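Worksheet: one structure, shown below.
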Amino acid sequence: MRFACRVLAVCLLMVGSTVCAAATLVSQPATPLAARHLEAQSDETQAAGQEETTQENPLLGSWETPFGVPPFGEIEDGHYLPAFQAAMAEHKAEIAAIVDDPEPPTFANTIEALERTGGTLSRVRSVFFAINSAHSNDAIREIARTVAPELAAHRDDIVLNRALYDKVKAVYDQRDQLDLTPEQTRLLEEMHKAFVRSGVNLEEQDQVRLREINSELAELSQRFGQNLLKETNDFELHVTDQADLGNLPQSLVAAAEMEARRRGHESGWSFTLQRPSINPFLQYSPNRDMRREVFMGYALRGDNDNEADNKAILTRMASLRAERAKLMGYESHAGYVLSDNMAENPERVYELLDQIWQPALRVAGAERDALQEMMQTDGIEDDLEGWDWRYYAEKVRKARYDLDEQALRPYFEVTAVRDGAFMVANKLFGLTFTELMDVPRWHPDQQVFEVREADGAHVGILYMDFFARESKRGGAWMNDLRAQSRLDGDVKAIVTTNFNFAPPTDDTPSLLSFGDAETVYHEFGHALHGLLSDVTYESLSGTNVPRDFVEFPSQIMEHWMSEPEVMRLYAQHYRTGETIPDELIDKIQASGKFNQGFATVEYLAASYLDMAWHTLSEPEEKEPRSFEDVEMARIGLIDEIIPRYRSTYFAHIFSGGYSAGYYSYIWAEVLDADGFQAFKETSLFDQETARRYRELVLAKGGTRPGMELYEAFRGRPPSIEPLLELRGLTPGN
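Here the sequence shown stands for residues -13 to 719, numbered as in this note's numbering.
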C-alpha cells in the first residue's frame, strides 16, 4: 500500500529481484530508541542534545552534495540510531500538527499535509536500508534488528490514529464535491485505503494485538535475512584439483582463485553460494560429488538446525500473518495482500499458475529424459539428480545447438552490457548517461551517472553497484534514494541498481553470462520506472505500484537485450573488439527455448510454495520440511527439480515485500511478452510506441490501476499466448 510505504513502512526491495530478513524469539520488547539514548538526560539537556545531533549528524542536515545525493562519505554507523530517533520525533510532531489543526479538514490541510510529513524519516530510512542491503556490517545489522520493530510501532502509531483517520475520512466522504484532479483523487483513495487496511477501524483490543504482530514480524524479518546472509557467506567449497573445474570459463577460474586467496588458501579455487560462483560450477564441474556438495549447501541454507536456522522464524511469520489477516477480516494473508493487487484474490493467482504448470511440467519431463540419456552416454548408470541438471543441460545445449555458454561470455563484458542498456534507452527515449566521478558513494565499486533528456534537461541520478561481496545480500534489486515528485518543487529521482556479478580479476574484466546480461536490463527497467516518473505526489511516483505490476517495466526491458539488432550494438569481444558474429546470434536465437521447462517449473514451484504458506486460514505453526514436501507432492513436482527458493531461504517472502506476491514475475511476464509485441509489430525503436509507453506507463507511477495503464498503452487486455510461445510451452514445442 503506497501511502504507508512512502510515509512509514520499512521498504526493502528485493526484485529480485526488485524493485521495494534465530530461531529463538526475544522475550522482552526492545527498549525504545528515545529511552535508550535520552534516558539519562533532563528535558533541558534533551533539547540541547537534539539540536546538537541535528547540526552534527549528516543524515539530518542539508546535503550540500552534487544533485543532493546522500553524503555517504560523512555518514558513520553511529549516526543512524540518533537520526532515526530525531526523524521519528519530527514525524510525530508533523502528524500532531495536522490532528490539532482547528480548521475543518480539506484536501490541502489534511491529505497534502499528510503527504508532506515524514520527509526526514523517509530520507534516513532510504539511506540506511540501502546500505543494510548492499554494504552492511555487524553494527549495521544490529541497528536493523533494533530499529525494525520500532519503525513498525511508529507506523502503527500513525495509521491507527483515530483522530487523524477521522480527518482523512471527512475529506474522503466529500470527494465527489471537491473538483479534484485524477491524481488527487487517486492519492485520496489510496490514503484512505491505507488507514482502513492497516486496522484503524478495529476494536482497541484487536489494535493492541495488531501492534504486537507487526512488531514481531518486523524483527523476525530482519533475523531471517541476516541468518540467510550468514549461511551464504559461511559456505565454501575449496577445490585443489584443476580437473574438477572442467571447462569453467577462465574468468571464473581466476575469480575462484582470488576467492581462495581471500579465504586464506595458498592454492586452489574456492566456490561460494553466490550465484556467479555456484551456477557455473554446477554447469562445468565433472566432479559429481562436488556438485552435490555445493548444490546441497545452497538447498539447505537456513535449514541446518544451527544458530542460523530459519525454520522456526518462517513458520512463526506465516502464523502471525494468518492471525493478522483474520483480525483484518480476511480468510488468509494472501486474501489480504491480493485484494490490493491486480490479481485481486488467490483464486486468480492459482488460475494463472495452473494454466502454465502442466505445459511446463510436460516440457521439463522431456528435458529430464534427454539429460538422463546424456548422463548414460557418459557411462553413469544412475538416476539424474538436482546437482546433475545444469551440468548435463550444458552438454545437451552444446550437442543440439553447438552453443557453449563459455563462448558467449567474452561478448558480454559488464561495461559493454551496461552501455547497451544505455543505448536502448537513448534510442527509445532520447536519454543520455554521463558518468560522475566526484559524487559520494557507499562503496568504491559503485558507478554513478547523471541521466539527461535529449535536450540536456536533468532527469535524475543512477547508481549502479555490480559486484558480489560479503557485505551485500544476494540477488539483484533496485531502490530509491529519493523519489520523484512535484508537490514542493521539481524533485528528481535518485535510484540505485544492485547486482551480484563476479568481480574483475587482475587479468580479466567481469564477463557475464547471458542470464546475467538479462539481469542488467531487468534492473535497468526498474530504474527507468523510477527515473521517468512524472507525477505530483511522491507516494504515487515511480515503482510505487501494485506488486504484480511493478515487474512489467523491468521485464519488458529484458526483451531488447537479446534482440539481434541490439546485440550487434553492444556485444563486442572484450579483447578484440569484434562484434558478436551472426553465427553466434543465430545459435542464441535457436536455443532460446532450451531448458525453459526447467526454468518455468522451478519458478512456479516457488510461487505455489509462497501461496501455500500464505493461504493458511488459521494461525498455526507448520513444520516447514513436511509442509513443503506435501505442497510439492500436491502439484506433482518432479524429483530432479527443487523450487527456485525453498522456504528457509525464500527471502522474497520472509524478509522482503513479496509475501503472497512471488507469482508477480509470471503475472508481469504475461504483460511484458504481450506488451513487447507492440514494438515487434512496428519496430524495436518505434518512436510513437516508445512515447506512448513512456507517457502511459513509466511516467504515471501509481496514479492509475495497473491494468488501466497497460490497456491504455496496448489498447486491449493482455493475452497469455505470447508468454507460452516465448517459453516454448505451446503444443508442438
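Glycine residues also receive a C-beta, built at the ideal position from the N, C-alpha and C atoms.
A quick note: this is a predicted structure, and the numbers were derived from the prediction, not measured.
Just curious, the beta strand (DSSP E) that residue i is in, first and last residue?
{"i": "Asn755", "result": "Beyond the ends of the chain as shown, which are -13 and 719, falls residue 755; an answer cannot be given."}
{"i": "His224", "result": "223 to 225"}
{"i": "Arg468", "result": "463 to 468"}
In its own chain, which residues sit with a C-beta less than 7 Å from the C-beta of residue i, not counting the 5 before and 5 after it?
{"i": "Gly416", "result": "Glu439, Ala440"}
{"i": "Pro703", "result": "Glu697"}
{"i": "Pro353", "result": "Strictly speaking, residue 353 in this sequence is Glu, with Pro absent from that position. These residues qualify, in order along the chain: Asn581, Gly583, Phe584."}
{"i": "Asp493", "result": "Ala240"}
{"i": "Arg680", "result": "Phe415, Leu518"}
{"i": "Asn273", "result": "Asp230"}
{"i": "Glu626", "result": "Arg354, Leu370, Glu371, Gly372, Trp375"}
{"i": "Phe408", "result": "Phe419"}
Would DSSP call residue i helix, strand or coil?
{"i": "Glu371", "result": "coil"}
{"i": "Thr586", "result": "helix"}
{"i": "His429", "result": "coil"}
{"i": "Asp492", "result": "coil"}
{"i": "Trp49", "result": "coil"}
{"i": "Thr106", "result": "helix"}
{"i": "Arg334", "result": "helix"}
{"i": "Ser318", "result": "coil"}
{"i": "Ser471", "result": "strand"}
{"i": "Asp405", "result": "helix"}
{"i": "Thr716", "result": "coil"}
{"i": "Leu518", "result": "coil"}
{"i": "Ser669", "result": "coil"}
When the Cα atoms are used, what is the spatial distance from residue i to residue j?
{"i": "Phe70", "j": "Pro262", "result": "35 Å"}
{"i": "Ala592", "j": "Pro91", "result": "46 Å"}
{"i": "Phe115", "j": "Trp255", "result": "33 Å"}
{"i": "Lys573", "j": "Leu555", "result": "18 Å"}
{"i": "His65", "j": "Val113", "result": "12 Å"}
{"i": "Leu695", "j": "Glu371", "result": "44 Å"}
{"i": "Gln723", "j": "Pro490", "result": "Any answer about residue 723 is impossible in this case: the structure gives the chain only from -13 up to 719."}
{"i": "Val683", "j": "Phe699", "result": "7 Å"}
{"i": "Leu709", "j": "Asp289", "result": "35 Å"}
{"i": "Thr675", "j": "Ile639", "result": "35 Å"}
{"i": "Asn265", "j": "Thr103", "result": "45 Å"}
{"i": "His23", "j": "Val656", "result": "With a pLDDT of 32 at His23, under the threshold of 50, the predicted position of this residue should be treated as unreliable, and no value is reported."}
{"i": "Leu166", "j": "Pro68", "result": "40 Å"}
{"i": "His121", "j": "Met360", "result": "43 Å"}
{"i": "Arg751", "j": "Asp326", "result": "No statement about residue 751 is possible, as the shown extent of the chain runs from -13 to 719 and does not include it."}
{"i": "Ala720", "j": "Pro332", "result": "Residue 720 lies beyond the stretch modelled for the chain, which goes from -13 to 719, so this question has no answer here."}
{"i": "Glu243", "j": "Ser540", "result": "34 Å"}
{"i": "Gly143", "j": "Ala134", "result": "Sequence check: residue 143 is Asp here, not Gly. Approximately 14 Å, taken between the alpha carbons."}
{"i": "Arg455", "j": "Asp152", "result": "48 Å"}
{"i": "Leu45", "j": "Arg109", "result": "8 Å"}
Who pairs with residue i in a beta bridge, going by DSSP?
{"i": "Phe70", "result": "Partner(s): none; Phe70 has no beta bridge."}
{"i": "Arg438", "result": "Thr418, His444"}
{"i": "Tyr449", "result": "Val434, Thr482"}
{"i": "Leu695", "result": "According to DSSP, which records beta bridges pairwise, Leu695 is partnered with nothing at all."}
{"i": "Leu497", "result": "Glu399"}
{"i": "Gln260", "result": "Answer is none; Gln260 lacks a bridge partner."}
{"i": "Thr565", "result": "Gln558"}
{"i": "Ser271", "result": "DSSP output for Ser271 lists no bridge partner at all."}
Leaving out five residues before and five after residue i in sequence, what residues of the same chain have Cβ atoms less than 6 Å from its Cβ?
{"i": "Thr689", "result": "Glu169, Arg172, Val521, Leu526"}
{"i": "Arg111", "result": "none"}
{"i": "Glu667", "result": "none"}
{"i": "Ser271", "result": "Asp230, Gly232, Arg277"}
{"i": "Lys686", "result": "Leu695"}
{"i": "Arg713", "result": "Gln582, Thr586"}
{"i": "Glu421", "result": "Phe435"}
{"i": "Tyr651", "result": "Glu537"}
Can you list, in chain order, the residues of its chain with a C-beta nearer than 8 Å to that of residue i? Leave out the 5 residues immediately preceding and following it.
{"i": "Glu743", "result": "Because the chain is modelled from -13 through 719, residue 743 falls outside the range shown and cannot be assessed."}
{"i": "Glu564", "result": "Gln558"}
{"i": "Ala393", "result": "Leu570"}
{"i": "Lys384", "result": "Asp390"}
Determine the extent of the alpha helix (DSSP H) in which residue i is found, giving its start and end residues.
{"i": "Ser256", "result": "From DSSP, Ser256 is part of no alpha helix (DSSP H) but of the beta strand (DSSP E) over 255 to 257."}
{"i": "Asp142", "result": "124 to 145"}
{"i": "Ile621", "result": "610 to 621"}
{"i": "Ala294", "result": "Note, Ala294: premise wrong, no alpha helix (DSSP H); not H, not E."}
{"i": "Glu544", "result": "533 to 547"}
{"i": "Ile627", "result": "Where Ile627 is concerned, there is no enclosing alpha helix (DSSP H), given that its DSSP letter is neither H nor E."}
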